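Input: a single structure, listed below in structure tokens.
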Amino acid sequence: MPLPRHLPHPSSPPALLADPMRAPARNLRQPPFSDALPAPIWFRAAAVPRDTTYPRHRHAWGEFVYAFSGVMEIKLADRHFLAPPHYGVWLPPEVEHLGLNRLEACHCSLYIEAEHCAGLPDTPCALSVRPLVRALLEHLREHTPGLPRGHGDERLLQVLVDQLAQAPRAGSYLPGSDDPLLAPVLQTLEDEPGDNRPLAELALAAHTTERTLVRRCQRELGMPFAEWRQRLRVVKALPRLEAGEKVEAIALDLGYGGASAFIAMFRRLMGVTPDEYRKGAARP
Numbered sequence: 082m083p084l085p086r087h088l089p090h091p092s093s094p095p096a097l098l099a100d101p102m103r104a105p106a107r108n109l110r111q112p113p114f115s116d117a118l119p120a121p122i123w124f125r126a127a128a129v130p131r132d133t134t135y136p137r138h139r140h141a142w143g144e145f146v147y148a149f150s151g152v153m154e155i156k157l158a159d160r161h162f163l164a165p166p167h168y169g170v171w172l173p174p175e176v177e178h179l180g181l182n183r184l185e186a187c188h189c190s191l192y193i194e195a196e197h198c199a200g201l202p203d204t205p206c207a208l209s210v211r212p213l214v215r216a217l218l219e220h221l222r223e224h225t226p227g228l229p230r231g232h233g234d235e236r237l238l239q240v241l242v243d244q245l246a247q248a249p250r251a252g253s254y255l256p257g258s259d260d261p262l263l264a265p266v267l268q269t270l271e272d273e274p275g276d277n278r279p280l281a282e283l284a285l286a287a288h289t290t291e292r293t294l295v296r297r298c299q300r301e302l303g304m305p306f307a308e309w310r311q312r313l314r315v316v317k318a319l320p321r322l323e324a325g326e327k328v329e330a331i332a333l334d335l336g337y338g339g340a341s342a343f344i345a346m347f348r349r350l351m352g353v354t355p356d357e358y359r360k361g362a363a364r365p
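Quick look at the structure:
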């Protein structure tokens with residue numbers, strides 16, 4: 082069904098706007114510890130089904146969340162983090178958060194006691210995951226340390242924490258916005274990422290001007306509108322690549338005239354081609 086050519090007017094009742102954070106219905110259990118970690122640094126991996134959520138919660142330790150496959154979404158009181166597999170999300174101690182899984186995902190959490198968080202960011206952020214960090218996380222997933230631990234496990238976990246402290250901060254890979262003019266435009270593209278309407282036409286449908294949306298993209302998203310749209314398309318492509326769909330079909334659905342332009346965009350943003358990403362995601 083084609084999208085309407087006009088978006089809801091900003092004065093429309095909020096209920097008429099699609100909710101960009103519509104929560105999945107099924108809740109997942111929290112980790113089996115509530116007052117204290119089993120060890121100062123604790124690693125946990127899980128495979129989770131689609132349409133599930135970790136209910137809103139907080140804890141006295143920091144948490145680094147990373148998705149081996151799929152895309153993790155973390156909702157804070159005033160921010161929405163979305164991280165594909167080249168990024169992870171860092172949450173300092175006592176930050177209330179909600180975890181969303183719209184598609185099947187395999188993810189892990191590294192829990193770190195507050196006294197070991199000194200070198201890590203003091204505000205929530207996305208961290209760029211370098212090859213060494215990913216290799217350490219993959220090793221821990223395959224050989225999760227139990228208790229009691231040997232010195233080798235303790236050193237490995239501390240190396241991982243040290244690497245995260247040095248990781249480049251990325252804000253949020255695909256930031257969102259609650260701005261009354263910009264949010265409906267972003268939601269329209271979330272729902273139909275193959276929509277190729279230029280920003281001027283989207284602005285007209287949103288009852289505003291292109292110049293206004295350009296300014297709000299920079300202010301709210303920290304990037305140009307074209308960059309945000311490309312990132313959205315990458316995020317939408319990842320689970321489909323992992324599911325084995327053809328690159329050509331994905332490219333056409335995402336608004337490209339053929340595979341070559343999509344492959345070039347994907348490689349620019351992700352550092353690998355779609356097929357190279359698919360092979361990496363399929364590793365055990």
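Those letters in the sequence shown? Residues 82 to 365, by my numbering. We treat Cβ as the ideally placed atom computed from N, Cα and C, and that holds for glycine. Small disclaimer: the values here were computed from a predicted structure and weren't measured.
Are residue i and residue j close, meaning C-beta to C-beta below 8 Å?
{"i": "alanine 216", "j": "alanine 141", "result": "no"}
{"i": "tyrosine 147", "j": "glycine 180", "result": "no"}
{"i": "leucine 322", "j": "arginine 359", "result": "yes"}
{"i": "leucine 129", "j": "alanine 186", "result": "First, the amino acid is wrong: residue 129 is valine here, not leucine. The answer is yes: Cβ separation under 8 Å."}
{"i": "valine 266", "j": "alanine 287", "result": "yes"}
{"i": "aspartate 276", "j": "glycine 336", "result": "yes"}
{"i": "proline 136", "j": "leucine 319", "result": "no"}
{"i": "leucine 238", "j": "leucine 263", "result": "no"}
{"i": "tryptophan 221", "j": "glutamine 244", "result": "According to the sequence as given, residue 221 is leucine; it is not tryptophan. No, they are not a contact pair."}
{"i": "arginine 310", "j": "leucine 270", "result": "yes"}
{"i": "leucine 157", "j": "proline 205", "result": "yes"}
{"i": "proline 274", "j": "phenylalanine 124", "result": "no"}
Using only the alpha-carbon positions, how far apart do residue i and residue j sit?
{"i": "arginine 297", "j": "serine 258", "result": "9 Å"}
{"i": "alanine 251", "j": "glutamate 219", "result": "22 Å"}
{"i": "aspartate 356", "j": "alanine 117", "result": "43 Å"}
{"i": "aspartate 260", "j": "glutamate 301", "result": "8 Å"}
{"i": "histidine 138", "j": "aspartate 132", "result": "18 Å"}
{"i": "glutamate 175", "j": "leucine 350", "result": "33 Å"}
{"i": "isoleucine 234", "j": "aspartate 334", "result": "The residue asked about is misnamed: residue 234 is aspartate in this sequence, not isoleucine. Going from the Cα of aspartate 234 to the Cα of aspartate 334 covers about 45 Å."}
{"i": "leucine 228", "j": "alanine 127", "result": "18 Å"}
{"i": "alanine 283", "j": "glycine 325", "result": "Correcting the residue type first, residue 283 is leucine in the shown sequence and not alanine. Looking at the two C-alpha atoms, the distance is approximately 32 Å."}
{"i": "proline 305", "j": "phenylalanine 149", "result": "28 Å"}
{"i": "tryptophan 171", "j": "serine 253", "result": "11 Å"}
{"i": "proline 173", "j": "glycine 338", "result": "43 Å"}
{"i": "glutamate 223", "j": "isoleucine 344", "result": "31 Å"}
{"i": "alanine 106", "j": "asparagine 182", "result": "Below a pLDDT of 50, predicted positions are generally treated as unreliable, and alanine 106, at 45, falls in that range; the measurement from the model is reported next regardless. Distance between the alpha carbons of alanine 106 and asparagine 182: 11 Å."}
{"i": "proline 202", "j": "glycine 143", "result": "10 Å"}
{"i": "glycine 303", "j": "alanine 330", "result": "31 Å"}
{"i": "methionine 153", "j": "arginine 236", "result": "27 Å"}
{"i": "valine 240", "j": "leucine 184", "result": "31 Å"}
Would you please state the rounded distance, in angstroms, between the beta carbons of residue i and residue j? I believe it to be under 8 Å.
{"i": "alanine 248", "j": "arginine 211", "result": "7 Å"}
{"i": "alanine 342", "j": "valine 328", "result": "With a Cβ gap of about 11 Å, alanine 342 and valine 328 do not count as contacting."}
{"i": "phenylalanine 145", "j": "serine 190", "result": "7 Å"}
{"i": "histidine 167", "j": "serine 209", "result": "7 Å"}
{"i": "histidine 188", "j": "valine 242", "result": "Between valine 242 and histidine 188 the Cβ distance is about 18 Å, and since that is not below 8 Å, they are no contact."}
{"i": "phenylalanine 347", "j": "valine 316", "result": "Not confirmed; about 11 Å, so no contact."}
Name the DSSP bridge partner or partners of residue i?
{"i": "arginine 66", "result": "Since the first and last residues shown for the chain are 82 and 365, residue 66 lies out of range."}
{"i": "lysine 156", "result": "His161, Leu179"}
{"i": "histidine 138", "result": "His178"}
{"i": "valine 129", "result": "Ala186"}
{"i": "isoleucine 122", "result": "Ile193"}
{"i": "serine 150", "result": "Cys187"}
If you run the structure through DSSP and keep just helix, strand and coil, what is residue i?
{"i": "serine 341", "result": "helix"}
{"i": "leucine 191", "result": "strand"}
{"i": "tryptophan 309", "result": "helix"}
{"i": "methionine 172", "result": "The amino acid occupying residue 172 in the given sequence is leucine; methionine does not appear at that position. It is a strand residue."}
{"i": "histidine 167", "result": "coil"}
{"i": "proline 265", "result": "helix"}
{"i": "valine 242", "result": "helix"}
{"i": "glycine 233", "result": "helix"}
{"i": "glutamate 144", "result": "strand"}
{"i": "arginine 349", "result": "helix"}
{"i": "cysteine 298", "result": "helix"}
{"i": "tyrosine 358", "result": "helix"}
{"i": "alanine 318", "result": "helix"}
{"i": "threonine 293", "result": "helix"}
{"i": "arginine 222", "result": "helix"}
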